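Everything in the sequence shown is counted per the numbering used here, starting at 1 for the first residue and increasing by one.
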Amino acid sequence: MISTVRYLEKATTAYGFEVRDKGKELYSGPDKIDMDGLLKRLFHLNSRSVLDLLNTLYGTSFDESARIDYSSTEFTGDDLKRSVADLFINVYQDNRVFRFHIEFELDYDNGIIVRMFRYGFEKAKELLDLSDLSKPVLLEFPEPRVIFIEENKNIPEELKIKLLLPSAKKATFKVPVTRYWLFSAQRLYQEGMYLLLPLQAFHLRKSIRSLEKSRKSSRDILWQEYRQRLLELISEIIQLIDRALRQEKITPEDAGEMYGILNYITAYLYRRYPALKNVDQEVTEMIKTFYDQSLVDKGKAEGIKEGIKEGKAEGKAEGIKEIITALLLEKEDCHLVSPEIEHALTQVNDLDLLKKWSLTAARAKSAKEFVEQISSK
């Protein structure tokens with residue numbers, strides 16, 4: 001079994017860089033976090049989570065047969081200065097290549113539109129075909145998108161550059177904007193953007209930063225309120241990551257990465273704003289509680305799948321029924337299998353249905369939940 005501690009230790013190494021916001025260090029300490037690296041790690045989770053996000057952001061309809069890769073984000077200009085973009089993603093489906101460019105911004109930076117154009121142009125140059133200059137040379141920009149994390153009233157729904165070409169011809173370069181602060185954790189999950197759930201921990205950063213500068217006499221009370229709000233928000237994030245794992249949208253390894261990222265964002269907030277009082281420790285404990293239990297349940301489910309697949313249950317209905325019974329007896333509310341469950345099991349001999357029931361038994365938190373789920377199907 002993969003332990004929570006292993007993933008949190010892994011995250012310590014993975015995120016042991018600096019968090020910088022527009023060139024300014026957000027937090028100096030022994031556990032620095034590189035925001036760019038953190039986001040890139042999110043996008044290297046399993047392909048389903050990335051495809052779901054792209055489908056939401058761009059209105060595409062990629063399915064799980066699509067293949068993903070990431071192209072280089074580094075460019076060296078004629079002045080030998082190095083520039084680094086956030087993400088270039090290529091998706092391959094139906095013998096076509098779809099190219100995307102995504103940038104993340106914690107704060108509003110009005111220079112981002114110029115950088116988007118420059119990065120897109122540099123990427124388009126890499127694809128240039130200069131073999132026949134008697135024909136127009138095609139500059140293929142990747143589909144752009146900027147995701148702004150923190151609220152700012154000056155951020156529009158779309159960024160634009162108007163290009164004045166020779167002969168007074170005009171063209172417009174448009175960059176759609178995702179205003180992340182408008183999304184609740186529930187909305188992210190419902191709309192297929194669950195990959196970005198850990199970043200919800202930044203939602204209160206602007207308010208916390210304002211409170212730090214405040215001279216109000218009620219500051220101590222407000223700090224307690226913000227601390228509680230942050231814990232409630234993180235609890236919701238953890239539960240939604242857990243749901244994504246149970247619904248097989250993400251793998252146990254993905255969940256570990258997401259929990260690790262969430263844990264270290266929280267650690268940054270605590271160390272940057274000590275008045276939050278050990279909030280990072282409480283978050284670590286919450287993660288352990290949910291993540292370890294999720295792995296137990298997931299491990300059982302995978303074990304059942306393999307057991308049935310390899311014939312360890314001999315593919316027999318009775319063998320699968322025994323597995324279901326054993327799983328239910330492990331539930332706290334089931335010391336004896338109820339007559340209701342026994343009757344249900346005796347009435348079913350369809351192997352496919354019993355296999356589904358065995359997975360339901362592994363994932364259900366109680367025998368009562370198991371009965372409710374098989375009764376509703």
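Quick reminder that beta carbons are idealized off the backbone N, C-alpha and C, glycines included.
Being a predicted model, the structure only gives us computed values, none of them experimental.
Rounded separation between residue i and residue j - CA only
i: Q373; j: K365; result: 11 Å
i: L57; j: I234; result: 24 Å
i: L262; j: E236; result: 12 Å
i: E122; j: L195; result: 28 Å
i: T360; j: I323; result: 11 Å
i: L231; j: D242; result: 16 Å
i: E186; j: L199; result: In the sequence on display, residue 186 carries Gln and not Glu. Computed Cα separation, rounded: 13 Å.
i: E143; j: L38; result: 22 Å
i: L345; j: L45; result: 38 Å
i: C334; j: T325; result: 10 Å
i: A171; j: L165; result: 7 Å
i: K249; j: F98; result: 23 Å
i: T60; j: D79; result: 38 Å
i: R246; j: N154; result: 39 Å
i: K81; j: F62; result: 37 Å
i: M35; j: F104; result: 9 Å
i: F117; j: L354; result: 56 Å
i: F43; j: G260; result: 14 Å
i: K206; j: N110; result: 18 Å
i: E253; j: M193; result: 18 Å
i: V50; j: Y70; result: 12 Å
i: V114; j: A244; result: 37 Å
i: Q347; j: E369; result: 19 Å
i: K169; j: V175; result: 20 Å
i: S28; j: K125; result: Confidence at S28 is low in this model, with a pLDDT of 39, below 50, so its placement is unreliable and the value that follows should be read with caution. For S28 and K125, the distance between alpha carbons rounds to 38 Å.
i: I67; j: A255; result: In the sequence on display, residue 67 carries Arg and not Ile. So the alpha carbons of these two residues sit roughly 21 Å apart.
i: K162; j: S72; result: 27 Å
i: R96; j: T251; result: 28 Å
i: P156; j: L240; result: 29 Å
i: I221; j: R229; result: 12 Å
i: W357; j: S375; result: 11 Å
i: R363; j: A267; result: 31 Å
i: W181; j: Q224; result: 22 Å
i: S167; j: Q93; result: 39 Å
i: G319; j: R179; result: 52 Å
Any chain B beta carbon closer than 8 Å to residue i
i: E340; result: Among the protein chains of the structure shown there is no chain B, as only one such chain exists.
Those residues which DSSP pairs with residue i across a bridge
i: N90; result: D69 and R99
i: H353; result: Correcting the residue type first, residue 353 is Leu in the shown sequence and not His. Partner(s): none; L353 has no beta bridge.
i: V175; result: L159
i: R227; result: BP columns for R227 are empty, so no partner.
i: V84; result: E74
i: L164; result: K170
i: V348; result: Answer by DSSP bridge pairing: none, since V348 is not bridged.
i: E105; result: F148
i: E143; result: F100
Anticipated Cβ contact below 8 Å, residue i with residue j, distance rounded
i: F173; j: K160; result: 7 Å
i: V177; j: E191; result: In fact, because the Cβ distance is near 16 Å, the residues do not count as touching under 8 Å.
i: I265; j: F183; result: The pair is not a contact, with the Cβ atoms about 16 Å apart (cut-off 8 Å).
i: L197; j: L188; result: 6 Å
i: I102; j: R145; result: 5 Å
i: K321; j: A367; result: Not confirmed; about 15 Å, so no contact.
i: V337; j: L327; result: Actually they do not touch by this definition, with Cβ atoms about 11 Å apart.
i: E150; j: L106; result: 6 Å
i: I208; j: Y226; result: 6 Å
Check whether residue i and residue j have beta carbons under 8 Å apart
i: E257; j: R41; result: yes
i: A85; j: Y108; result: no
i: E140; j: L130; result: no
i: L54; j: F100; result: yes
i: F75; j: S83; result: yes
i: V371; j: E342; result: no
i: L269; j: A317; result: no
beta-carbon residue i near the ligand SAH non-hydrogen atom, thresh 7 Å
i: I234; result: For the structure depicted, the ligand SAH is absent and the ligand set is empty, with no information on it obtainable.
Exercise for review: Indicate whether the contact test is met: 3 or more Cβ pairs, each with one atom in the stretch 128-139 and one in the stretch 87-100, closer than 8 Å.
Suggested key: no
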